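In our numbering, the protein residues as written are 98 to 614. To keep things clear, I will list the structure first and then write my remarks on it.
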Amino acid sequence: MSAPRRAARRGRDRRAEVLMPAPGRPRFAGADAPGVAVVGGGIAGLAAAVLLAERGARVTLYEREESLGGRLGGHRTRLADGSSVTMSRGFHAFFRQYYNLRGLLRRTDPGLDRLRPLPDYPLQHSSGLRDSFARVPRTPPFSALGFVALSPAFGWRDLAALDARAALPLLDVRVPEVYERFDSLGAAAFLDRVRFPEAAHHLAFEVFSRSFFADPRELSAAELLLMFHIYFLGSAEGLLFDVPDEPFPQALWEPLGDYLRRLGARVRTGTPVRALQPEAEGTVAVRTDTAVHRHDAVVLALDPGALRETVAASTGLGTPAWREDVAALRTAPPFLVSRLWLDRPLRADRPGFLGTSGYGGLDNISVLDRYEGEAARWAARTGGSVVELHAYAVAAGADRSEVQARLRAELSRVYPEAGRARIVDARHEWRADCPFFPVGSHSRRPTVTTPHPRVTLAGDAIRCDLPVALMERAATTGFLAAGALLARWGVRGQVLWTVPRAGRSAVLRALGARGRG
């Protein structure tokens with residue numbers, strides 16, 4: 098790969114690290130190609146399937162839904178005005194640090210032309226405080242200093258009031274050491290220990306914890322420190338991000354599905370896998386609702402609940418201790434995505450995405466017609482707007498109708514003109530299938546490899562001792578899961594990129610070492 102191509106894949110950060118796969122031949126040669134099942138068609142499963150198919154394996158991708166994308170999938174629905182539109186599971190930010198996810202998307206979009214940058218990522222608290230990242234420098238440590246200089250929620254006086262020694266670990270986050278030191282502490286407890294200002298709790302770190310669909314009091318502090326490293330002091334890519342310019346299926350997953358088919362893979366949507374059974378002859382039996390299929394190896398790329406169910410039904414798979422660890426995987430509390438099609442536009446200065454705090458459970462607002470082509474075309478045709486509301490970590494047993502109504506009311510508090518609009522139609526997605534990383538859970542989290550050498554795991558719930566999270570963890574573990582199988586057959590895996598695996602400067606590492614002492 099030429100130097101310009103390497104730079105394009107890595108991004109702007111010259112300290113980003115490259116991870117080379119185990120050496121091996123470039124691909125399988127004809128008749129020796131193994132058959133591999135990939136169970137799950139989300140980001141992790143697509144990454145695994147793409148790599149295996151590119152190396153010449155005979156891939157069968159099983160997906161229980163009728164379309165690909167997993168938790169970033171979507172489906173068609175018809176509105177009251179007769180419009181056919183795509184409803185999805187809600188907004189996702191494609192940060193520039195997501196090197197491996199972006200590498201996956203480059204398979205069908207080499208220039209990432211289907212991703213559109215958003216100019217800002219404002220955060221607003223009901224008290225009136227509002228933060229912006231548009232003018233914050235991207236290169237550490239100037240990124241953190243710039244945030245302090247520009248933030249109304251975190252000023253120089255707050256910086257001076259921090260417990261400097263308690264905050265030193267932020268300067269040199271290392272994986273997996275960060276889990277060894279901080280997985281036994283809650284994220285909110287860590288912020289209290291550092292004496293982080295309350296307003297900044299809401300306007301910065303709480304937003305990170307909410308990205309995990311979790312209450313910051315329950316989330317492991319190690320995950321919070323990892324996020325700080327990925328976005329603030331470990332990477333020069335910054336906190337701005339891109340979004341797809343069309344709904345997820347059309348922009349991302351349908352092209353990747355077509356790409357897999359061109360490589361010879363079989364894509365079997367609408368086909369849930371119920372159980373696996375390793376067999377004496379070295380194959381793995383995959384049981385669906387209608388048949389049993391035999392493959393040479395399997396990648397399980399499932400959400401936590403589906404993984405628990407599949408392993409529980411696969412009585413011959415793994416050791417008792419490993420099965421107990423899979424069974425211990427937690428699922429985050431329910432979340433709600435409400436999408437509203439309104440009969441009038443929002444004010445022209447409303448951002449495409451706004452993070453919110455202190456608004457009765459409303460965590461963010463997206464104005465889809467500011468960046469998504471389908472929504473923009475509907476808005477242009479009708480004179481209206483398309484707005485999406487998120488509520489993360491909804492209390493168990495909450496009345497769903499009341500939560501939906503509360504989000505609608507809070508939207509009017511944030512954007513008063515929305516309160517005067519008539520709702521042309523609405524869709525509400527309630528889900529509870531995201532991984533949860535509570536205090537003390539890291540040591541039991543299953544890894545990519547399993548006790549069975551021909552079964553690997555992938556997904557954002559899977560332990561990965563690299564500084565990755567969320568969608569990037571899904572893509573990275575997908576490539577690693579496929580790579581572990583390929584290495585057994587002497588075939589080369591995927592070159593991966595990551596933000597630096599430790600503090601990026603000698604000065605910061607030295608200060609961080611004092612905190613470890």
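Every residue, glycine too, gets a C-beta built ideally from N, C-alpha and C. Remember, predicted model here, so these are calculated numbers, not experimental data.
Pairwise C-alpha distance: residue j and residue i
{"i": "residue 243", "j": "residue 448", "result": "21 Å"}
{"i": "residue 165", "j": "residue 397", "result": "15 Å"}
{"i": "residue 582", "j": "residue 319", "result": "29 Å"}
{"i": "residue 575", "j": "residue 437", "result": "34 Å"}
{"i": "residue 363", "j": "residue 372", "result": "19 Å"}
{"i": "residue 598", "j": "residue 439", "result": "45 Å"}
{"i": "residue 529", "j": "residue 128", "result": "43 Å"}
{"i": "residue 553", "j": "residue 287", "result": "34 Å"}
{"i": "residue 112", "j": "residue 247", "result": "26 Å"}
{"i": "residue 98", "j": "residue 209", "result": "Bear in mind that the predicted position of residue 98 carries a pLDDT of just 38, short of 50, making it too unreliable to give a figure here."}
{"i": "residue 550", "j": "residue 376", "result": "12 Å"}
{"i": "residue 100", "j": "residue 200", "result": "With a pLDDT of 35 at residue 100, under the threshold of 50, the modelled position of that residue is not reliable, and the figure given next carries that caveat. Taking the straight line joining both Cα atoms gives about 16 Å."}
{"i": "residue 103", "j": "residue 258", "result": "Note that residue 103 has pLDDT 38, beneath the 50 cutoff, so the model's placement of it is unreliable and the number below is only indicative. Using only the alpha carbons, I get a separation of about 42 Å."}
{"i": "residue 466", "j": "residue 342", "result": "10 Å"}
{"i": "residue 489", "j": "residue 455", "result": "13 Å"}
{"i": "residue 379", "j": "residue 392", "result": "9 Å"}
{"i": "residue 501", "j": "residue 167", "result": "24 Å"}
{"i": "residue 387", "j": "residue 368", "result": "9 Å"}
{"i": "residue 536", "j": "residue 215", "result": "33 Å"}
{"i": "residue 105", "j": "residue 413", "result": "Reliability fails at residue 105, whose pLDDT of 38 lies under 50, so the model's placement of it is uncertain and the value that follows must be treated cautiously. Going by the C-alpha atoms only, they are around 45 Å apart."}
{"i": "residue 109", "j": "residue 196", "result": "11 Å"}
{"i": "residue 222", "j": "residue 457", "result": "11 Å"}
{"i": "residue 416", "j": "residue 479", "result": "58 Å"}
{"i": "residue 154", "j": "residue 357", "result": "11 Å"}
{"i": "residue 249", "j": "residue 285", "result": "21 Å"}
{"i": "residue 506", "j": "residue 585", "result": "56 Å"}
{"i": "residue 523", "j": "residue 207", "result": "35 Å"}
Under the three-state DSSP convention, the category residue i falls into
{"i": "residue 523", "result": "strand"}
{"i": "residue 136", "result": "strand"}
{"i": "residue 532", "result": "strand"}
{"i": "residue 595", "result": "strand"}
{"i": "residue 102", "result": "Caution is warranted here: a pLDDT of 37 is assigned to residue 102, below 50, making its placement in the model unreliable, and the coordinate value is therefore given only provisionally. Note: residue 102 maps to helix in three-state DSSP."}
{"i": "residue 460", "result": "coil"}
{"i": "residue 345", "result": "helix"}
{"i": "residue 541", "result": "helix"}
{"i": "residue 449", "result": "coil"}
{"i": "residue 142", "result": "helix"}
{"i": "residue 114", "result": "strand"}
{"i": "residue 434", "result": "strand"}
{"i": "residue 573", "result": "helix"}
Option in the options with minimal Cα separation from residue i
{"i": "residue 395", "options": "522, 381, 326, 285", "result": "381"}
{"i": "residue 119", "options": "591, 601, 596", "result": "591"}
{"i": "residue 170", "options": "136, 348, 444", "result": "348"}
{"i": "residue 282", "options": "521, 263, 269", "result": "263"}
{"i": "residue 132", "options": "267, 110, 157", "result": "157"}
{"i": "residue 134", "options": "593, 579, 356", "result": "579"}
{"i": "residue 351", "options": "140, 192, 506", "result": "140"}
{"i": "residue 504", "options": "470, 537, 486", "result": "486"}
{"i": "residue 361", "options": "585, 562, 148", "result": "148"}
{"i": "residue 310", "options": "511, 544, 459, 475", "result": "459"}
{"i": "residue 527", "options": "557, 498, 401", "result": "498"}
{"i": "residue 326", "options": "270, 400, 366", "result": "270"}
{"i": "residue 192", "options": "595, 400, 433", "result": "595"}
{"i": "residue 616", "options": "585, 202, 223, 225", "result": "Nothing can be reported for residue 616: it is not among the residues displayed for the chain, which extend from 98 to 614."}
{"i": "residue 432", "options": "461, 249, 405", "result": "461"}
{"i": "residue 138", "options": "601, 162, 434", "result": "162"}
{"i": "residue 514", "options": "443, 117, 231, 278", "result": "443"}
Proximity below 8 Å, CB of residue i to CB of residue j
{"i": "residue 255", "j": "residue 219", "result": "no"}
{"i": "residue 275", "j": "residue 330", "result": "no"}
{"i": "residue 336", "j": "residue 328", "result": "yes"}
{"i": "residue 384", "j": "residue 533", "result": "no"}
{"i": "residue 152", "j": "residue 587", "result": "no"}
{"i": "residue 441", "j": "residue 481", "result": "yes"}
{"i": "residue 656", "j": "residue 290", "result": "In the structure displayed, the chain extends from 98 to 614; residue 656 sits before or after that span and is not available."}
{"i": "residue 178", "j": "residue 464", "result": "no"}
{"i": "residue 545", "j": "residue 567", "result": "no"}
{"i": "residue 182", "j": "residue 471", "result": "yes"}
{"i": "residue 194", "j": "residue 334", "result": "yes"}
{"i": "residue 555", "j": "residue 145", "result": "yes"}
{"i": "residue 475", "j": "residue 484", "result": "no"}
{"i": "residue 557", "j": "residue 571", "result": "yes"}
{"i": "residue 74", "j": "residue 543", "result": "The chain is shown only over 98 to 614; residue 74 falls outside these bounds and no answer can be derived."}
Ignoring anything shorter than 3 residues, give me the beta strand (DSSP E) runs that lie fully in the segment 347–420, in order along the chain. Within the segment 347–420, the complete beta strand (DSSP E) runs of at least 3 residues are 363–366, 370–375, 381–385, 389–392, 394–397.
Which complete beta strand (DSSP E) runs does the segment 180–220 hold, if anything under 3 residues is left out? 181–185, 212–214
Run through the segment 257–340 for me and flag every whole alpha helix (DSSP H) of 4 or more residues, listed as ranges in chain order. 261–264, 274–279, 284–291, 303–308, 318–325
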